[in-house]
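Protein sequences, first through last, are from chains E and H.
Just so it is clear: in the first sequence, position 379 is 379 by the working numbering, and no numbers are missing.
Just so it is clear: in the second sequence, position 412 is 843 by the working numbering, and no numbers are missing.
For glycine and all other residues, C-beta sits at the position ideal for the given N, C-alpha and C.
Number of protein chains: 2
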Amino acid sequence: MHVDIGAALGEVAEPGVDEDELDALDERVATAHETIAAGRENGDFGYAALNLPEETDPSVIREAVEPVTDAEYVVTVGIGGSALGAKTVTAALADRPDRHVILDNVDPEHIERTLAALPLEDTAINVVSKSGTTAETLANFLVVRETYEDAGVDWTELTVVTTGESGPLAQLVEEHDLPRLPVPDGVPGRFAALSSVGLVPAAILDLDIEGLLSGAGAAADDLGPSLYDSPAYAYGAVCYALEERGAGVNAVMPYAERLELFAEWFAQLWAESLGKDGRGQTPARALGATDQHSQLQLYRAGPRDKMVTVVRPRERADVPVPETDHDSLSYLSGADLGQLLDAEYDATVASLAQAGRPAVEIELERLDAEGLGELLFAMEAATILVGELADIETFTQPAVEWGKRAARGLLSGEETEETKTVAERPSYRID
Amino acid sequence: MHVDIGAALGEVAEPGVDEDELDALDERVATAHETIAAGRENGDFGYAALNLPEETDPSVIREAVEPVTDAEYVVTVGIGGSALGAKTVTAALADRPDRHVILDNVDPEHIERTLAALPLEDTAINVVSKSGTTAETLANFLVVRETYEDAGVDWTELTVVTTGESGPLAQLVEEHDLPRLPVPDGVPGRFAALSSVGLVPAAILDLDIEGLLSGAGAAADDLGPSLYDSPAYAYGAVCYALEERGAGVNAVMPYAERLELFAEWFAQLWAESLGKDGRGQTPARALGATDQHSQLQLYRAGPRDKMVTVVRPRERADVPVPETDHDSLSYLSGADLGQLLDAEYDATVASLAQAGRPAVEIELERLDAEGLGELLFAMEAATILVGELADIETFTQPAVEWGKRAARGLLSGEETEETKTVAERPSYRID
């Protein structure tokens, strides 16, 4: 993985990072790296995520999913960190990403329609909930189970569960003798992509989870005390410095359709980890070249409150544009679609630099299991680094708990402080 | 459509809009409404978009697509405004949204894989380009055409073209005697969802485009000189006022899977229209309840630089959560998935208000053709209103042109000012 910060330097962009500022930051990176390395060593909460490349045993996952590897489809029942990582991996690596279906919302129409379209006898079920009590996940799983039963399909033959050692899901595993995979200790859901939490569907679809872990391991080996030697830290440090100088938005724009989900995964990782204490960049997801003709207007000419992160693989499939005799299209003749996409990428970076707007480039050699593993790990390490530099609690999410309690109270019908606040919430309607 | 601005008022949120500020703004809304009404009356560039509900003739579209209504799939070849509207409509209204496939990027792998998975003899082609020269669209169309030819499928029998009266696509229409639909006069692509630009795939899938247009017409009738009488203007005015007070980000979060694409459509409309002259909110897309457990951390506890727009239909399908005998799940017993989703929605709005963060609610009676038409039209009108209040050129996109010229130059191989800038763009690599 390569990171290019040229278009984020102070001599190019405003906000930008001056080189002497980077040098000063590099000393803080060294200290942060020590903290991170010690946290990994001790297996401390959160930092333990960076040990997953070596601690996740792919053969354990392969063994657990063995009974369902004949399934054509796999439906993941989970939410947030328990679904997005898995979705990101199959979207990037599967020949047919449609074989992995996600139920990570409680929209009744969507659930109904999705289940109705699947051949249930040929669809494995991957349930993921650390606590085994997540409302959305359990509600959906109860619906899924009943749908299988109503269709006369034995769901117990098709289900793999990833959950902790106690709770309703763990009980269910015992009752029905289901394969259970553990959730890794000390790893918040959003940092768990490189464990059974993120790898079960990929294993069912027989994707290269070993390569993914070894790519992640390579990125782990790249971490060191200086941002100048570590692409992940360089990325994190530059984001931090730009945020300090006013870049409150980080627009993440992969130039590869298979990485569209990666941008979504990154967005939740970044927002939930770093959106605290009145700070934290807002991740904005975009896709190149598609969004280039709309969002770029804002990125180049709007407020100087953002940075753009572009991501691409260096290798692309070979799809030549057929010849045409229309003069106005002659510039396309002899081109390849990949060349066109790369021309758009180069043009975007240059056009941001030309307008003095900061951009950071992330390049992978190729978009395969190793490349993706490297990217996911590097972004996790970058997130943790930013948390250290900003001195915030990267691994907690206190601000989402209020809403969870409120939703729970609303459903159970008991009156709590939260449900009262919901009932009395401000309203000013315009019809 | 109903808009609730209660949680965006100054007494609740910071940034927030005070009621006397709204009153003052209402006078400016009256003036802006006059400009907009006059622009519509004269069919002026851009404003003409608001006349589409009455000017688009659905029977012309139905007639043009008649030869291909037997197709099981339709593949749209277009980019930006020429694809997103169409995608938004079928995603919201089709029973099987997978019947509409979009090629709006030039990622070679994706194109190859997508075409390989389609039964071409049963797949209609919908090509959309106003100028008929858009590089991505034409390159993709040349690839699509050749793929059909290689498979021995007569693409001319399956193709519908939406383009202007001249250019390579118009020529092609003549050569092969294809059905051609016009692009509406004076309507930028991103405002063209309610014309043939956005409605052809919906018509091929036999969706209710008449209902869509009549819903949009109802929203048009709601426009008037006061924000207090017009949900669309109320929304636009509040966004404008919040932006003025520091809400540089507008996080749009529909609580309905079928509206996920709507958020994407809104993002390009908002960014490309309003991201100018150093201003413009950054649209951030999210999906409730899925993203509630991650993004909400940032929205509640991050910088006070954003507002949240939540959108939901009032009616939902009935999918009860099956009973369970696990104590810890008893609060789910007797609930319905829709109730759970609505509890999450209510909890999110209340939790933002409780943290003093501004939120605006948009509610549709139901998510059908009328409701969607109303929503799309209202958001277009809101965008135009913000442009008037901010005194910017809503309907142009000068900042994307540089990149287009650069990409074109890179492909043709001629050296231009832009290609030189690309070649000399700043670089500082960390490997």
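Is it a yes or a no for the region 484-497 of chain H touching the region 537-548 of chain H, going by three-plus beta-carbon pairs under 8 Å? no
Look at the Cβ atom of Ser562 of chain H, then the Cβ atom of Gly598 of chain H, and state whether they are nearer than 8 Å. yes
Return the CA-CA distance between Leu138 of chain E and Leu760 of chain H, expressed in angstroms with no decimal places. 8 Å
Residue ranges of each alpha helix (DSSP H) within the region 572-612 of chain H, 4 or longer: 599-607
Quick check: what's the CA-CA separation for Ala237 of chain E versus Val12 of chain E? 17 Å
Members of the region 383-403 of chain E near chain H, C-beta cut-off 7 Å: Gln397, Ala399, Val400, Trp402, Gly403
Specify the secondary structure class of Lys707 of chain H as computed by DSSP and reduced to three states. strand
Run through the region 478-562 of chain H for me and flag every whole alpha helix (DSSP H) of 4 or more residues, listed as ranges in chain order. As far as the region 478-562 of chain H is concerned, its whole alpha helix (DSSP H) runs of at least 4 residues are 483-486, 489-496, 512-524, 539-548.
Using the three-state DSSP reduction, which class does Arg40 of chain E fall into: helix, strand or coil? Residue state, collapsed to three classes: helix.
Thr309 of chain E by DSSP, collapsed to three states: which one? strand
Below 8 Å, can you find three or more Cβ-Cβ pairs linking the region 621-634 of chain H to the region 788-808 of chain H? yes
What residues are listed by DSSP as bridge partners for Leu795 of chain H? H:Pro744
Just how far apart, CA to CA, sit Gln171 of chain E and Pro184 of chain E? A straight line joining the alpha-carbon of Gln171 of chain E with that of Pro184 of chain E spans about 19 Å.
Within 10 angstroms of its Cβ, does Glu485 of chain H collect 16 or more other Cβ (buried), or is it exposed? exposed
Starting from His2 of chain E, follow its DSSP beta bridges and name the residues at the other end. E:Glu363
Check whether the Cβ of Val505 of chain H lies closer than 8 Å to any Cβ atom in chain E. Judged by the 8 Å Cβ criterion, Val505 of chain H is not in contact with chain E.
May I ask whether a heavy atom of the ligand GTP can be found less than 7 Å away from the beta carbon of Arg28 of chain E? As for the ligand GTP, it is missing from this structure, which has no ligand bound.
Closest Cβ-Cβ distance between Lys707 of chain H and chain E: below 8 Å? yes
Which residues of the region 725-737 of chain H have a Cβ closer than 8 Å to any Cβ of chain E? Give them in chain order. Ser725, Gln726, Leu727, Gln728, Leu729, Tyr730, Arg731, Ala732, Gly733, Pro734, Arg735, Asp736, Lys737
Determine the DSSP secondary structure at Pro254 of chain E, reduced to helix, strand or coil. strand
Three-state secondary structure (DSSP) at Ile635 of chain H? Helix, per DSSP.
Kindly say whether His875 of chain H, judged by its beta-carbon, lies nearer than 8 Å to any beta-carbon of chain E. Any answer about residue 875 of chain H is impossible in this case: the structure gives chain H only from 432 up to 862.
Neighbourhood of Pro225 of chain E by C-beta distance below 8 Å, restricted to the same chain and skipping five residues each side: Val29, Ala30, His33, Glu34
Could you have a look at Asp777 of chain H and say whether DSSP puts it in helix, strand or coil? Reduced to three states, the DSSP call for Asp777 of chain H is helix.
May I ask you to list the residues that DSSP assigns as paired with Ala715 of chain H? According to DSSP, Ala715 of chain H bridges with H:Ala682.
Starting from Val17 of chain E, follow its DSSP beta bridges and name the residues at the other end. Per DSSP, the beta bridge partners of Val17 of chain E are E:Leu9.
Cutoff 6 Å; reference Ala514 of chain H; Cβ partners in own chain excluding five residues on either side: Thr507, Ile533, Asp535
Range covered by the alpha helix (DSSP H) that runs through Leu242 of chain E: 231-244
Range of the contiguous alpha helix (DSSP H) that encloses Thr383 of chain E: Start and end: 369-390.
Between Leu194 of chain E and Leu340 of chain E, which are expected to be in contact by the criterion C-beta below 8 Å, what is the C-beta distance as a whole number of angstroms? At roughly 33 Å, the Cβ-Cβ gap does not stay under 8 Å, so Leu194 of chain E and Leu340 of chain E are not in contact.
Give a yes or no on whether 8 Å exceeds the smallest Cβ distance from Gly248 of chain E to chain H. Chain H, which has a Cβ nearer than 8 Å to the Cβ of Gly248 of chain E, makes this yes.
Excluding five sequence neighbours on each side, which residues of the same chain lie with their C-beta closer than 7 Å to the C-beta of Asp206 of chain E? The answer, listed in chain order, is Thr69.
What does a CB cutoff of less than 8 Å around Thr324 of chain E pick up in its chain, not counting 5 residues either side in sequence? Ser330, Leu332, Ser333
Any beta-carbon of chain E closer than 8 Å to the one on His531 of chain H? no
Candidates H:Leu727, H:Ala548, H:Gly477: which alpha carbon is nearest Met738 of chain H's? H:Leu727
is_contact[Ala369 of chain E, chain H] using C-beta, thresh 8 Å: no
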